[in-house]
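Chains as they are written, first to last, in the numbering used here: chain A, 115 to 394; chain B, -17 to 157.
Notes for the one structure printed next.
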Amino acid sequence: MSDIGSHKISDAELLVAYLDDALDEETRDETAQRLKEEPELQALFEELSEGERPLRTVFDLLLKDAPTERMERMLEEIDHADADDGGIGAMGYAMAAGIALALFVAGVLAGRMSVPAIPDGPAVELAGKGGDHETEAMAEHSGWRQSVAEYLALYERRSFELMPDNREVQTKTLKRLSDATSGDYSLEKLTTDKMQFKRGQLLNFKGKPLLQFFYLYEGAEPVAFCIIENGETDKTPAHERRNGFNIVHWVSGGRAFMLIGKVDAAALTALAATYAGKFG
Amino acid sequence: MTRSDHNIVREGLSLHLNRLWRFGLVLSGRPDDAEELVQATCLKALEKSHQFQPGTHLDRWLFSILSSIWKNQLRRDKVRRGEGNVNAEETLVFDGGSHLETNILARQVLTEVMALPEAQRQTVFLVYVEGYSYREAAELLDIPIGTVMSRLAAARKALSELNEAPAGGISEERE
């Protein structure tokens, strides 16, 4: 970025532009070099990376809530009023505005009571005997797994690959998460031979802390290990599929665990045995 | 103005209604205000269709109209009525349910972004959701490119801090 006038770029702005691939080649190379040499800059980079969210995908979900039909009708009315006026003058638009406003008021009043039907969320593909349906009680406990599956589906593989690997910062983050949840989530404990740790984060699921640890499995496939304290009774690991992901989940000591990813179910089950041994 | 200008803009409006509504929602925080913004944008765009230059991005032109209407009219009216500040908790309340209701974590992300100060929120939306370059966002918002950079950096920091306190409040800081 060479054309920002007299604005003096702060390190945070520079790093965000670096993350956004908005720098010119020379500045990008200089920044990459500085990142190798300056630990403080690395820490800031990691911090800013944690501000990453799957924004495009999340906001695309919002498009499904748009009152499309009503807006189409409004546009059509404006256009018809214009055509009826026989011209495209200011008077035509004034009339159109009046009609559209009336429609808008009527539409919004109606809309306050009923918003157009929203398509159902992605289908749940539960593993088990011949398309079992979840009972209400099951759904209550599996709701967090469905939410995690839907959330994970918003991430692209590239998002995982771009997550920086800075051991020092990862250790600090995990210490913070451990303190916040009174748990032991050290980098050593969370890492295995096949699971390259990328990042941990704490989310809020219906008022309960939900820990999410991101990995690349065998250096390629995104996998998340998630934990929520929900007071369920103990359950041994079981496999299911949701939103195209394999999931192995279990409960121990009032905490529910899940490993989720598009890796082979047998491999995920083997990983679950390792993680259940470490965490419960 | 020719009928051809009018038709190009009319077709473009039809194609981009939902995206315009979403932009209106990001600016105003309320579905009904977003709809009002789209309506005003349709009227203005058709009225000014002769000013659209074929071969340029129609969606960007429409976005700039909507942004200008928000800046010059609706926001002022809302502030006058004492509705200027969007409360994140009341944001995105769709009577009758929403696709996002089923995805709690996606909704959480949306709420986090909607809780950012308006200036940051609209910049984040244009760059990260609509794919504007920094320069394009600066032009649409009529601000220096350095301000785009500082808003994005501030927004990233705010979002990263939320990772540390997921159940906590959101910064009240405003630009």
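All residues carry an ideal CB built from backbone N, CA and C; glycine is no exception.
The structure presented is a predicted model; accordingly, all values stated were derived computationally and were not measured.
(message) For a contact defined as C-beta to C-beta under 9 Å, what are the partners of P(-7) (chain B) on chain A?
(response) Here residue -7 (chain B) turns out to be Glu, not Pro, going by the sequence shown. The contacting residues do not exist; E(-7) (chain B) stays about 10 Å from chain A at best.
(request) Return the bridge partner residues of W364 (chain A) from the DSSP annotation. (result) BP columns for W364 (chain A) point to A:F371.
(message) Quick check on the DSSP output: the beta strand (DSSP E) that includes K349 (chain A) runs from which residue to which?
(response) From DSSP, the beta strand (DSSP E) with K349 (chain A) extends over K349 to R356.
(request) Could you check what DSSP says for Q315 (chain A) in three-state terms: helix, strand or coil? (result) The answer is strand: DSSP assigns Q315 (chain A) an E or B state.
(request) For T182 (chain A), go through chain B and note every residue whose CB falls closer than 9 Å to its CB, in chain order. (result) Within chain B, L(-1), N0 and W3 have C-beta atoms less than 9 Å from the C-beta of T182 (chain A), given in sequence order.
(request) Could you tell me whether the Cβ of I374 (chain A) comes closer than 8 Å to any Cβ of chain B? (result) No, I374 (chain A) lies away from the interface with chain B (no Cβ there is under 8 Å from its Cβ).
(message) DSSP has Y329 (chain A) in a bridge; who is on the other side?
(response) Within the DSSP bridge table, the entry for Y329 (chain A) names A:F311 and A:V337 as partners.
(request) Can you pull the chain B residues whose beta carbon is under 9 Å from the beta carbon of K320 (chain A), in chain order? (result) Listed by position along chain B, the residues whose Cβ is nearer than 9 Å to that of K320 (chain A) are I86.
(request) Output the distance between the C-alpha atoms of Q55 (chain B) and A27 (chain B), rounded to the nearest integer angstrom. (result) Rounded to the nearest angstrom, the gap between the Cα atoms of Q55 (chain B) and A27 (chain B) is 16 Å.
(message) Against chain B, with Cβ distances strictly below 8 Å, would G165 (chain A) count as a contact?
(response) Yes, G165 (chain A) lies at the interface with chain B (some Cβ there is under 8 Å from its Cβ).
(message) What does the alpha-carbon distance come out to for the pair E140 (chain A) and K150 (chain A)?
(response) Looking at the two C-alpha atoms, the distance is approximately 16 Å.
(request) Kindly list the residues whose CB is nearer than 8 Å to the CB of L137 (chain A), restricted to its own chain and excluding five residues on each side of it in sequence; keep chain order. (result) Within the same chain, Cβ atoms closer than 8 Å to the Cβ of L137 (chain A) are found at M115, L128, A131 and T145, the five residues on either side in sequence being excluded.
(request) Pick out the complete alpha helix (DSSP H) segments inside the segment 4 to 29 of chain B, 4 residues or longer, and give them in chain order. (result) List check, alpha helix (DSSP H) in window: 13 to 29.
(request) Return no unless some Cβ of chain A is closer than 8 Å to the Cβ of L28 (chain B). (result) By this cut-off, L28 (chain B) is an interface position.
(request) Starting from M96 (chain B), follow the alpha helix (DSSP H) in both directions and report where the run begins and ends. (result) Boundaries of the alpha helix (DSSP H) around M96 (chain B): I86 to M96.
(message) I'd like the span of the alpha helix (DSSP H) that includes F393 (chain A), first residue to last.
(response) Per DSSP, the continuous alpha helix (DSSP H) segment holding F393 (chain A) begins and ends at A379 to F393.
(request) Alpha carbon to alpha carbon, how far is P278 (chain A) from A16 (chain B)? Give it in angstroms, no decimals. (result) Looking at the two C-alpha atoms, the distance is approximately 37 Å.
(request) Closer than 7 Å by C-beta to Q310 (chain A): which residues in its own chain qualify, once you throw out the five before and the five after it? Chain order, please. (result) Around Q310 (chain A): Y329, L330 and G333.
(message) Please list, in chain order, the chain A residues whose beta carbon lies closer than 8 Å to that of Y114 (chain B).
(response) Residues of chain A passing the Cβ test: none, with the nearest at roughly 11 Å.
(message) Closest to S10 (chain B) by C-alpha separation, out of B:W52, B:L123 and B:R42, would be which residue?
(response) The shortest C-alpha separation from S10 (chain B) is found at B:W52.
(message) Given a cut-off of 8 Å on the beta-carbon distance, is the pair L395 (chain A) and S(-4) (chain B) in contact?
(response) Outside the displayed range of chain A (115 to 394) lies residue 395 (chain A), so it cannot be described from this structure.
(message) Just to make sure I have the definition right: I need the residues of chain A whose C-beta is within less than 7 Å of the C-beta of S142 (chain B). Which are they?
(response) Within chain A, the residues near S142 (chain B) are E161, L162, E164 and G165.
(request) For E164 (chain A), name the three-state secondary structure that DSSP assigns. (result) Correct three-state label for E164 (chain A): coil.
(message) Assuming contact is defined by CB atoms lying nearer than 8 Å, are W364 (chain A) and A338 (chain A) in contact in what I supplied?
(response) Cβ atoms of W364 (chain A) and A338 (chain A): not closer than 8 Å.
(request) Tell me whether K139 (chain B) sits in a helix, a strand or coil according to DSSP, three-state version. (result) K139 (chain B): helix per DSSP, three-state reduction.
(request) Kindly list the residues whose CB is nearer than 6 Å to the CB of V130 (chain B), restricted to its own chain and excluding five residues on each side of it in sequence; keep chain order. (result) T105, Y116, A119 and A120.
(request) Note down the Cα distance separating R97 (chain B) from G(-6) (chain B), rounded to an integer number of angstroms. (result) With the sequence shown as reference, residue 97 (chain B) is identified as Ala, and Arg is not the correct amino acid for it. Taking the CA atoms as reference points, A97 (chain B) sits about 31 Å from G(-6) (chain B).
(request) Can you grab the Cα-Cα spacing for the pair P126 (chain B) / R290 (chain A), in whole Å? (result) If I take the Cα positions, the gap works out to 37 Å.
(request) May I ask you to list, following chain order, the residues of the segment 15 to 26 of chain B that have a beta carbon less than 8 Å from some beta carbon of chain A? (result) Within the segment 15 to 26 of chain B, the residues whose Cβ lies closer than 8 Å to some Cβ of chain A are E17, E18, V20, Q21, C24 and L25, listed in chain order.
(request) Please determine if the segment 289 to 305 of chain A and the segment 349 to 360 of chain A are in contact, where contact requires at least 3 C-beta pairs separated by less than 8 Å. (result) Contact fails: fewer than three Cβ-Cβ distances are below 8 Å.
(message) On the criterion of 16 or more Cβ atoms from any shown chain inside 10 Å, does F218 (chain A) qualify as buried, or is it exposed?
(response) Unreliable positioning characterises F218 (chain A) in this predicted model, as indicated by a pLDDT of 43, which lies under 50. A coordinate reading is not provided.
(request) Look up K178 (chain A) in the DSSP assignment and say whether it is helix, strand or coil. (result) DSSP places K178 (chain A) in the coil class of the three-state scheme, outside both helix and strand.
(request) Verify the CB distance criterion: does V130 (chain A) have a CB-CB separation below 8 Å to chain B? (result) Nearest CB-CB separation between V130 (chain A) and chain B: below the 8 Å threshold.
(request) List the residues of chain B whose Cβ lies closer than 8 Å to the Cβ of D293 (chain A), in chain order. (result) Those within 8 Å of D293 (chain A) in chain B number zero; the least Cβ separation is about 10 Å.
(request) Give the DSSP-derived three-state secondary structure of G79 (chain B) in the structure shown. (result) At G79 (chain B) the pLDDT is 48, less than 50, meaning the model places this residue with poor confidence; the figure from the coordinates comes in the next sentence. Correct three-state label for G79 (chain B): coil.
(request) Could you tell me whether the segment -4 to 5 of chain B touches the segment 376 to 390 of chain A, where touching means 3 or more Cβ pairs closer than 8 Å? (result) Verdict: no, contact absent.
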